[in-house]
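Residue numbers (our numbering), protein chains in the order written: chain A, 1 to 168; chain B, 1 to 262. Glycine residues also receive a C-beta, built at the ideal position from the N, C-alpha and C atoms. Here's the structure we're looking at; comments come further down.
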């Protein structure tokens, strides 16, 4: 974590911080639609570099039209402002994000809040049964589908698996 | 990426690379506008959410490609300028995507035809020499497969459903079939893009499109129409009456209050 003292080093240059420190700060930004996940866990934070005293943060969208992107961009910019670091946020599409970019921690956090993670077997986050049927192609967000557990009958969101070669 | 745009503004033609990217951008922009009109109007909640989200995917593709087209053109036009301040004759989309939503069957069949086309198109463009286009295509390919999965299931459910749903689906297939040939026409722009390793020859996708579409229509107990008459001209800016009305609604706010932002 950055201390109050390090924040006081405020300058108009990113050189006052290491790349690791800047990365650590921006990686705490969360997905506004699934606030339990940080952009780092979600795998959409592609890189942080510092060049000529300016930080460059690269992010990639989960889906082409992900409405959370501008929100995430603003939140990263606010983080950089907070540090007093000049910088810019770039969106890069290639290589395309897939659900394999999510960390194991992201899978754990999703299960914890009742969203079935994008594993090969869709497991009901409430009773753990692997039998479910799709109730809707899209759920609470574009990246989720709505499932109904055959065993306990409860509906739940499933973070859809999105993969280059194996996708639907 | 080197811009192939000629020096100075030449309305209507910004070079083959610009034209090619604009065609794909406009297909997605116009289809997104059509699909978004279903929000709060769809037959049930599931479809409402699905069409809204699919429209959003198309809009995301359109935004990325319009921005890219603006850079290629080199006339300082951004995504909003290209979406909001071009007139009907300057749009390069397929006539199919501007066709009215009609009943749910017309919307569904229109999507089925486009989804099957985009699965192939994005797959091919994923290895384009234009890295921005390739990036959009790699994402688009994954999304198009999901869109097709959705339109396929509904096509079968309705086609092989009640007499009424079957009849409406067949009507939609018959009405829209004449706009499908345009997807596979090649012109000088396509040939130039193929030579540069940027684009794909649309005509090379025709057979591969026809196979799954025919299989889906047959599974839905629908008849595949004959190819007697095919409309075209959208790629050159000659559209059906419907596009002007769509643009009137889509562009009204920016044309009334230019530069307005959120």
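- Think of a sphere of 9 Å around the beta carbon of residue 156/A: no beta carbon from chain B falls inside it, the nearest being about 15 Å out.
- Taken atom to atom, the span from the alpha-carbon of residue 143/A to that of residue 53/B is near 9 Å.
- If you compare the alpha carbons of 137/A, 130/A, 15/A and 24/A with that of residue 150/A, the shortest gap goes to 130/A.
- Residues of chain A with a Cβ closer than 9 Å to the Cβ of residue 119/B do not exist, since the nearest Cβ in that chain sits about 11 Å away.
- Residue state for residue 56/A is assigned as strand, using DSSP reduced to three classes.
- Interface residue (Cβ-Cβ distance to chain A less than 8 Å): residue 75/B is not classified as such.
- Every alpha helix (DSSP H) stretch that sits fully inside the stretch 97-122 of chain A and reaches 4 residues is listed by chain position as 104-112.
- Taking the Cβ atoms as the reference, residue 37/A lies roughly 6 Å from residue 109/A, within the contact range of under 8 Å.
- Going by beta carbons, residue 88/B and residue 243/B fall inside the 8 Å limit.
- If the five residues before and after residue 63/B are omitted, its C-beta is found closer than 7 Å to the C-beta atoms of 79, all from its own chain and listed in chain order.
- Rounded to the nearest whole angstrom, the CA to CA distance from residue 210/B to residue 246/B is 29 Å.
- At a cut-off of 8 Å, the C-beta of residue 65/A has a neighbouring C-beta in chain B.
- For residue 130/B, no Cβ of chain A is located within less than 8 Å of the residue's own Cβ.
- Nearest neighbour of residue 129/B by Cα position, chosen from 21/B, 258/B and 111/B, turns out to be 21/B.
- Per DSSP, the continuous alpha helix (DSSP H) segment holding residue 214/B begins and ends at 206-219.
- Closest option to residue 34/B, judged by alpha-carbon separation, among 100/B, 57/B and 91/B: 100/B.
- Secondary structure note for residue 90/A: it is in no alpha helix (DSSP H), and the uninterrupted beta strand (DSSP E) holding it is 87-91.
- The continuous beta strand (DSSP E) containing residue 156/A extends over residues 155-159.
- Under DSSP, residue 149/A shares a beta bridge with 132/A.
- For residue 97/A, same chain residues with a beta-carbon under 8 Å away, outside a window of 5 residues either side, are 43, 44, 60, 61, 62 and 162 in chain order.
- Listed in chain order, the positions of the stretch 233-261 of chain B with a beta carbon within less than 7 Å of a beta carbon of chain A would be empty, since no residue qualifies.
- Residue 120/B is positioned such that its CB atom lies closer than 8 Å to that of residue 205/B.
- Look at the stretch 134-147 of chain B: the residues with a C-beta under 7 Å from a C-beta of chain A are 134, 135, 136, 138, 139, 140, 142, 143, 145 and 146.
- When DSSP states are grouped into helix, strand and coil, residue 157/B belongs to the helix group.
- Positions of the alpha helix (DSSP H) runs, each at least 4 residues long and wholly inside the stretch 10-38 of chain B, are given as 16-36 in order along the chain.
- Below the 8 Å Cβ cutoff, chain A contributes 61, 63, 64, 65 and 66 as neighbours of residue 60/B, in chain order.
- Under the 8 Å criterion on CB atoms, residue 57/B is classed as interfacial with respect to chain A.
- According to the DSSP assignment, residue 173/B belongs to the alpha helix (DSSP H) that extends over 163-176.
- For chain B, the residues of the stretch 124-139 of chain A that bring a beta carbon within less than 9 Å of one of its beta carbons are 135, 136, 137, 138 and 139, in chain order.
- The criterion of a C-beta distance shorter than 8 Å is satisfied by residue 55/B and residue 32/B.
- Among the residues facing chain B, residue 118/A is not included, as its CB has no counterpart in that chain under 8 Å away.
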